[in-house]
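Accompanying notes for the structure given below.
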Amino acid sequence: MTGNSGDSSSGAARSGSSTGSAGSGGTSGGGSGTASSGSSGGGSTAGSADGGRCLDACPAPKAGITFGCDKRFLLGVNYAWKNWVADFGGVTAWGQAGVSGNQAAIKADLQDMQSQGVDVIRWWMLQQLSGDAVTFDSNGNPTGAGGTLVADIQAALDLAAQVGVHYNLTLFSFDDFKASGTVSGATLHGISPIATDATRRAALMGVVKTIAQTVEASPHKDRVVSWDVINEPEWAITGSDPYGDPAFSTNTGYEAVTFAQMETFVAEVVQTLHSNSSALTTVGGAAIKWAQAWTHVGIDYYTFHMYDWVNQYYPYDKSLASYGVTGKPAVLGEFPLAGLAAVNGKPAVALGTMLGVLMNTGYAGAMPWARDDTCCGNWATTKGDIRAFAMANPCATHF
Numbered sequence: 220m221t222g223n224s225g226d227s228s229s230g231a232a233r234s235g236s237s238t239g240s241a242g243s244g245g246t247s248g249g250g251s252g253t254a255s256s257g258s259s260g261g262g263s264t265a266g267s268a269d270g271g272r273c274l275d276a277c278p279a280p281k282a283g284i285t286f287g288c289d290k291r292f293l294l295g296v297n298y299a300w301k302n303w304v305a306d307f308g309g310v311t312a313w314g315q316a317g318v319s320g321n322q323a324a325i326k327a328d329l330q331d332m333q334s335q336g337v338d339v340i341r342w343w344m345l346q347q348l349s350g351d352a353v354t355f356d357s358n359g360n361p362t363g364a365g366g367t368l369v370a371d372i373q374a375a376l377d378l379a380a381q382v383g384v385h386y387n388l389t390l391f392s393f394d395d396f397k398a399s400g401t402v403s404g405a406t407l408h409g410i411s412p413i414a415t416d417a418t419r420r421a422a423l424m425g426v427v428k429t430i431a432q433t434v435e436a437s438p439h440k441d442r443v444v445s446w447d448v449i450n451e452p453e454w455a456i457t458g459s460d461p462y463g464d465p466a467f468s469t470n471t472g473y474e475a476v477t478f479a480q481m482e483t484f485v486a487e488v489v490q491t492l493h494s495n496s497s498a499l500t501t502v503g504g505a506a507i508k509w510a511q512a513w514t515h516v517g518i519d520y521y522t523f524h525m526y527d528w529v530n531q532y533y534p535y536d537k538s539l540a541s542y543g544v545t546g547k548p549a550v551l552g553e554f555p556l557a558g559l560a561a562v563n564g565k566p567a568v569a570l571g572t573m574l575g576v577l578m579n580t581g582y583a584g585a586m587p588w589a590r591d592d593t594c595c596g597n598w599a600t601t602k603g604d605i606r607a608f609a610m611a612n613p614c615a616t617h618f
């Protein structure tokens, strides 16, 4: 979710077995979407391999994300958690179990989302290092995966296979960049001194490797379409990037790092994931204002977030090419469930309208925020819009 607001400025893919076609309508934002080496979701409409060729029964009509043999408009929603920082690893200090200890409740949530046409669920994992998922020594150095992390990943994959959904698993967030301290009795390890130190960073990559390998070893690995390396890193960066974007708007209360430091951290996570997982990778960029920030870290597709403050200056319905987004597909990974409000002359836009415009404009997917966060709309009253869109595009929106 967006961590800041207000703006007055203007604004190499992995090799795989197939690529998605470019989006039409004047945008090249729906460029080649790289395929993973793993299989797709395996539904009745899924494509198949034939003599090394991919046969896709119903590719997305314009831009899409290609996973296995299937090019789809990635239709989803942000979960984004059942219990903050506890879903993957648990939090003993809070008495909160991870997915493996909370399966009935989580399965009911997944079934609810699936029943409304949702195919890909964005679910956060290590959004703050205050749970039990990562172990540390007395000096604050990461030492490995802990708690119920592995069991929770396995349980999440089992549930996805049972319910018939896929995941976009988000590893980190700008929230990780809070300073070390104590949160309601749980120890919070700030990630800034880890992300900026090569030795500590390598130790954390060991945890990322464990996460990726746990998914890859599962018979349900195809349920993870992609990894979102980090949610809205822009809020924890000082200065600007060297690629022509405006300066970053650093949030107060965080141990911000330079862009070069964040870029190094993100690139190392991407490399670790690509080395240990067949799923795709992306970065949950806070706004298309910083369209070029993550063009050099090796991700497979771009993700941008859109809220009212962004839409004032970077309208959601402009072509991706007009923002300089070319060469890879782009997904709108967060925007309000309620749609966009009328702000500074921009008319209000309902969720159902947004979904149609995004598909026609050349976006490769859309994932509104959020099922269990009423800040930006009510799931109960808006989920019907997602269902209607999915029913109108039943094959092209499901891997």
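The sequence shown: position 211 = 430 (my numbering), numbered continuously. Just so it is clear, CB atoms sit at the ideal spot from N, CA and C, and this is done for glycine as well. Since the structure is predicted, the reported quantities are computational estimates derived from the model, not experimental observations.
Query: Residue closest to Asp-395, alpha-carbon to alpha-carbon, out of Arg-272, Val-489, Ser-411; Result: Ser-411
Query: Residue span of the alpha helix (DSSP H) that contains Asp-289, given as start and end; Result: Asp-289 -> not in any alpha helix (DSSP H); beta strand (DSSP E) instead, spanning 289–291.
Query: Spatial distance of Gly-517 from Val-296 (CA atoms); Result: 25 Å
Query: Residues near Met-525 by beta carbon distance below 6 Å, same chain, minus five either side; Result: Tyr-535, Leu-551, Phe-554
Query: Test item: CB-CB of Ala-549 and Phe-523 under 8 Å; Result: yes
Query: Coarse secondary structure for Val-542, derived from DSSP in three states; Result: Reading the sequence as shown, one finds Tyr at residue 542 and not Val. The answer is helix: DSSP assigns Tyr-542 an H, G or I state.
Query: Residue(s) in a DSSP beta bridge with Trp-342; Result: Ala-299, Leu-388
Query: 8 Å contact criterion, which Asp-447 and Thr-354 should meet: CB distance rounded; Result: Their Cβ separation, rounded to whole angstroms, is 23 Å, which puts Asp-447 and Thr-354 out of contact at 8 Å.
Query: C-alpha gap between Ser-256 and Ala-498, whole angstroms; Result: With a pLDDT of only 35 at Ser-256, under the threshold of 50, the placement of this residue in the model should not be trusted, and no figure is reported.
Query: Per-residue burial, Gly-603 [other beta carbons within 10 Å of its own, 16 or more giving buried]; Result: exposed
Query: Alpha carbon of Glu-451 to alpha carbon of Ala-505, nearest angstrom; Result: 4 Å
Query: Boundaries of the alpha helix (DSSP H) in which Asp-331 is found, first to last residue; Result: 322–334
Query: Cβ-based burial, Cys-594 [other Cβ within 10 Å; buried from 16]; Result: exposed
Query: With 16 other Cβ atoms within 10 Å as the buried cut-off, status of Gln-381; Result: exposed
Query: Simplified DSSP state of Cys-594, which is helix, strand or coil; Result: helix
Query: Three-way DSSP call (helix, strand, coil) for Leu-294 in this model; Result: strand
Query: Option nearest Gly-596 by Cα separation, candidates His-617, Gly-503, Leu-570; Result: Leu-570
Query: Residue of His-493, Ser-496, Trp-513, Gln-333 minimising C-alpha distance to Val-502; Result: Trp-513
Query: Short Cβ contact (8 Å threshold) for Phe-478 with Arg-420; Result: no
Query: Range covered by the alpha helix (DSSP H) that runs through Arg-419; Result: 417–435
Query: Complete runs of the alpha helix (DSSP H) confined to the stretch 473–509 [at least 4 residues]; Result: 478–495
Query: Cβ-Cβ separation, Gln-333 to Leu-378 (assumed contact under 8 Å), whole Å; Result: Their Cβ separation, rounded to whole angstroms, is 11 Å, which puts Leu-378 and Gln-333 out of contact at 8 Å.
Query: Minimum C-alpha distance to Ile-507 - residue among Lys-537, Val-444, Ala-486; Result: Lys-537
Query: Best match in Leu-293, Val-304, Asn-360 for proximity to Leu-574 [C-alpha to C-alpha]; Result: Leu-293
Query: Residue closest to Cys-273, alpha-carbon to alpha-carbon, out of Pro-280, Ala-279, Lys-290, Lys-281; Result: Lys-290
Query: Gln-531 - DSSP class collapsed to helix/strand/coil; Result: coil
Query: Spatially closest choice to Gly-350 from Val-427, Val-562, Ala-405, Trp-588, by CA coordinates; Result: Ala-405
Query: Ile-605 burial status per 10 Å Cβ neighbour count (16 or more: buried); Result: buried
Query: Classification of Ser-494 by the beta-carbon crowding that lies within 10 angstroms, buried from 16 upward; Result: exposed
Query: Beta-carbon contacts of Leu-423 that lie in its chain and below 7 Å, excluding the five residues immediately before and after; Result: Pro-361, Ile-413
Query: Sequence-distant residues of the same chain with beta carbon closer than 6 Å to Met-610, five excluded per side; Result: none
Query: Endpoints, beta strand (DSSP E) assigned at Gly-552; Result: 549–553
Query: Cβ neighbour criterion (16 or more within 10 Å) applied to Thr-253; Result: Legend: pLDDT at Thr-253 = 40, less than 50; position of this residue unreliable, value from coordinates given subsequently. When all chains shown are included, Thr-253 counts as buried.
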